[in-house]
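Note sheet for the following structure.
Number of protein chains: 2
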Amino acid sequence: MALIVQKYGGTSVGTIERIENVADKVIGWRDRGHQVVVVVSAMSGETDRLIGLAKGITARPEPREMDVLLSTGEQVTIALLCIALEKRGCPARSYTGGQVRILTDNAFNKARIEDVEIAAMRDDLAQGRIIVVAGFQGVDKDGNITTLGRGGSDTTGVALAAALKADECQIYTDVDGVYTTDPRVVPEARRLNRITFEEMLEMASLGSKVLQIRSVEFAGKHNVPLRVLSSFQEGPGTLITFEEALEAEPMEKELISGIAFNRDEAKLTVLGVPDRPGIASSILGPVSAANIEVDMIIQNVSYDGTTDFTFTVHRNDYERALEILQEHTATLGAREVSGDLKIAKLSLVGMGMRSHAGVASKMFGVLAKEGINIRMISTSEIKISVVIDEKYLELGVRALHEAFELDKAA
Amino acid sequence: MALIVQKYGGTSVGTIERIENVADKVIGWRDRGHQVVVVVSAMSGETDRLIGLAKGITARPEPREMDVLLSTGEQVTIALLCIALEKRGCPARSYTGGQVRILTDNAFNKARIEDVEIAAMRDDLAQGRIIVVAGFQGVDKDGNITTLGRGGSDTTGVALAAALKADECQIYTDVDGVYTTDPRVVPEARRLNRITFEEMLEMASLGSKVLQIRSVEFAGKHNVPLRVLSSFQEGPGTLITFEEALEAEPMEKELISGIAFNRDEAKLTVLGVPDRPGIASSILGPVSAANIEVDMIIQNVSYDGTTDFTFTVHRNDYERALEILQEHTATLGAREVSGDLKIAKLSLVGMGMRSHAGVASKMFGVLAKEGINIRMISTSEIKISVVIDEKYLELGVRALHEAFELDKAA
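As you go down the protein sequences, you meet chains A and B in turn. Just so we're aligned, residue 596 is where the first sequence starts under my numbering, counting upward by one. Just so we're aligned, residue 596 is where the second sequence starts under my numbering, counting upward by one.
Here's what the structure looks like:
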């Protein structure tokens, strides 16, 4: 008998029929002898409806009251799912975040979980009940309702799994797992059976948006095995687990796990800037002061006492960042500022590349063979990212997917 | 400076525009120097929408989970009203029933309030905040969400007013007060400035459905002055208060306060039943065993050792009650059972009739003059009820309204 935490997102509980399907699924797990704790999101569309009501009053609703408002979305779902379970003769009990109690800090709209009380849930589980918990919400120490920010239901699932020392936290969504890359770009993309937390973090932050990054970090930190599955079709999904678990099964170990990419970034370059200490912070200081987040940063070796400094920002921030740099060109003593909106970032991710030399050179070779010019390169222990012209993105992803044989199981 | 509790029903908060109007109204009271605690219902239609979701799963949803579901309706309204108040620069704080905490028993769907904690509200009031509380809901001692049953927001308002020792509990609704009778029947019907709790109870239970009976009882028991007003037009409404308060202002004291009536009842008679001890319980025992509520009961003096026994039930229960009586005719030794669906009950209500002889005879005289036959009579300290043929109801109400000069202020 295992203790399983299952999280169902808004699409999975979007209609009464789907809620009834979830009830059947949950009872299936219980009938196989498992204890089940279910975390649910608001029915799809409901959160937007509630936000619409508030925005009908003011563009900047009071944050505390927004959390009171939005938390009703999940509360409706827990009640309906319990009603569906009880109708099937399955004892169930709903819990709001406050009833659990999921204690958070008091940062309304983006609270962080500090503690989860498990005594009441343990009692209910011991009595054979299915527990249904409202995702995305908690209470602060003064009893104010808080929410974890959009997508926070994943985090609730992982936090409950960690607190209850569950055997697995299953995240049900509308995809059946994590893929080697986006199947819309590479039809041969393959579902991964397993992936490490580190790889998943690189994949997620680079654009394969299956899971909320925070929940993956949280799961990794608290050693909670996480599984991504489809609510709508049967299948094992993808297990996100520890490297040690993978090493125990060497056959499962893959050199490269996947290829992530995104088109959300833009590139800015400050040319011919004097190469003196503190120049990087002189350039980036005004940018971050304007609350613009910077992703990749590259500075080349200097020549003639000057250097070129390049970084990427979200495309929405491109115009503003360019203006800021232009305002500072003179102060910085730079020759020129340039930028490019039509870029894309492409990343190879894999634990295996740490111990295998030559991944980078193979990657660059594959891209060169296709005539794709590399604009920027950045590497970490388990990832190599390149910036290329946007028009070459699909070509690059497909060529790398084939060259690294990601369509074939390891 | 007074402490006012105001309750706004579903129609008064039915749209964003109406919620904004309520915010303006509340701020008006605050600007005149009062402390205000607001109780709100769910936006009109919302409770029905939620019930529809549950009924989409099963006709008999689990009661505990229904309360979790339905309590979200008021929670949405408290958040939206606070957002509207804060937008106007008015500090406000929302409270769910559990946050207050309004402690109830654990009778889901029809819980009774046992206690109201006021410390947190007192703090907020002292800091100049408007308090907005979700009506209709509470928590039991184990932290389960409970609801007070439909219309329970009135009860929440009165319970808060009693606990906070408020100067007045104002119930905002879509009528501008309590009338001498239904204006749809008598266009000359007049809004009462004042009425006693006892009169209001007789009026309400007899069909003038302005306020939930329970909330009037509760207000009377806890000495909370209650005022019924319109959310949509200005005016003093009707103050429901103690007899002593009225006696202090003798000019306000009226002989008859109003005429209530209803067409929901049916009449059943057991004819020629032996007049022996215990006969009433032999007749009514099987009826109440079938969970049928009996309203008026009349037994005439006996003649020849037999008597006639008449009572009224709700029209929906008429067929069932008739069947039960017919099954028992032989056992009872009764001659015959008869019944009538087409009756109406009409009642004169007024504290003044206690000390004024002749109200009853005047009433019967007025009805006789119109050719209206009286089928049953029942009296209490402050009310005289008669059952007449349904077709004469409007005629009787109008004739009495005119004869007792209810269209003229006392």
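Think of the CB as a built atom: it goes at the ideal place given N, C-alpha and C, for glycine as much as any other residue.
Check                                                                                                                 : Outcome
For threonine 905/B and methionine 971/B, believed in contact at Cβ under 8 Å, the rounded distance                   : 6 Å
Own chain residues within Cβ distance below 7 Å of histidine 923/B, not counting five before or after                 : Pro881
Continuous beta strand (DSSP E) stretch holding asparagine 857/B: start and end                                       : 853-857
Whole-Å CB distance - aspartate 700/A paired with aspartate 735/A, under 8 Å assumed                                  : 7 Å
Neighbour flag for glutamine 722/B against chain A, beta carbons, 9 Å                                                 : no
Rounded C-alpha distance that separates alanine 729/B from methionine 946/A                                           : 53 Å
Proximity test, Cβ basis, 9 Å: glutamine 828/A and chain B                                                            : no
CA-to-CA distance, serine 826/A to aspartate 619/A, given in whole angstroms                                          : 11 Å
Cβ separation of glutamate 985/B and lysine 937/B, assumed to be a contact under 8 Å, to the nearest whole Å          : 4 Å
Against chain A: residues of the stretch 655-668 of chain B by CB proximity under 9 Å                                 : Arg655, Pro656, Glu657, Arg659, Glu660, Met661, Asp662, Val663, Leu664, Leu665, Ser666, Thr667 and Gly668
Sequence-distant residues of the same chain with beta carbon closer than 6 Å to leucine 720/A, five excluded per side : Gln630
For histidine 909/A: DSSP bridge partner residues                                                                     : Glu860/A
Through-space distance from valine 600/B to methionine 846/B, alpha-carbon basis                                      : Any answer about methionine 846/B is weak, because its pLDDT of 48 lies below 50 and its placement is not dependable; what the coordinates show is given next. Taking the straight line joining both Cα atoms gives about 28 Å.
Contact under 9 Å by Cβ, glycine 733/B with valine 695/B                                                              : yes
At least 3 beta-carbon pairs within less than 8 Å: the stretch 947-967 of chain A vs the stretch 741-752 of chain A   : no
Beta-bridge partners of glycine 764/B, as assigned by DSSP                                                            : Looking at the sequence itself, residue 764/B is cysteine, so the reference to glycine does not match. Answer is Val600/B and Leu821/B, bridged to cysteine 764/B.
Min CB distance valine 621/B to chain A below 9 Å                                                                     : no
Alanine 674/B beta carbon less than 9 Å from that of alanine 649/A                                                    : yes
Pair within 9 Å by beta-carbon distance, tyrosine 690/A and valine 663/A                                              : no
Within chain A, the residues that glutamine 670/B reaches when beta carbons sit closer than 8 Å                       : Val663, Leu664, Ser666, Thr667 and Gln670
Within-9 Å CB hit, glutamate 847/B to chain A                                                                         : Below a pLDDT of 50, predicted positions are generally treated as unreliable, and glutamate 847/B, at 46, falls in that range; the measurement from the model is reported next regardless. No, its Cβ sits nowhere closer than 9 Å to a Cβ of chain A.
Same chain, Cβ closer than 7 Å to phenylalanine 731/A, five either side skipped, listed in chain order                : Ser636, Glu669, Thr742, Leu743, Gly747, Ser748 and Thr751
Of the listed residues Val992/A, Asp912/A, Val865/A and Val954/A, nearest to alanine 884/A (C-alpha basis)            : Asp912/A
Environment of aspartate 859/B [buried if 16+ CB atoms lie within 10 Å]                                               : exposed
Under the three-state DSSP convention, the category aspartate 903/A falls into                                        : strand
Neighbour-count burial assignment, proline 872/B, 16 or more Cβ in a 10 Å radius                                      : exposed
Interface residues of chain A facing threonine 606/B [CB-CB closer than 7 Å]                                          : Chain A residues near threonine 606/B: none, gap ~17 Å exceeds 7 Å.
Proximity winner among Asp643/A, Ile652/A and Tyr603/A, relative to arginine 613/B (alpha-carbon distances)           : Ile652/A
Through-space distance from leucine 759/B to alanine 714/B, alpha-carbon basis                                        : 10 Å
Rounded distance between the beta-carbons of valine 868/B and aspartate 890/B, thought under 8 Å                      : About 20 Å separates the two Cβ atoms, so there is no contact after all.
Buried or exposed (CB count within 10 angstroms, at least 16 for buried), arginine 644/A                              : exposed
As assigned by DSSP and simplified to three states, the class of methionine 869/A                                     : According to the sequence shown, residue 869/A is proline rather than methionine. Strand.
For leucine 821/A and isoleucine 835/A, believed in contact at Cβ under 8 Å, the rounded distance                     : 4 Å
Sequence ranges, beta strand (DSSP E) only - wholly within the stretch 626-680 of chain B, length at least 3          : 630-635
Neighbour flag for serine 876/B against chain A, beta carbons, 9 Å                                                    : no
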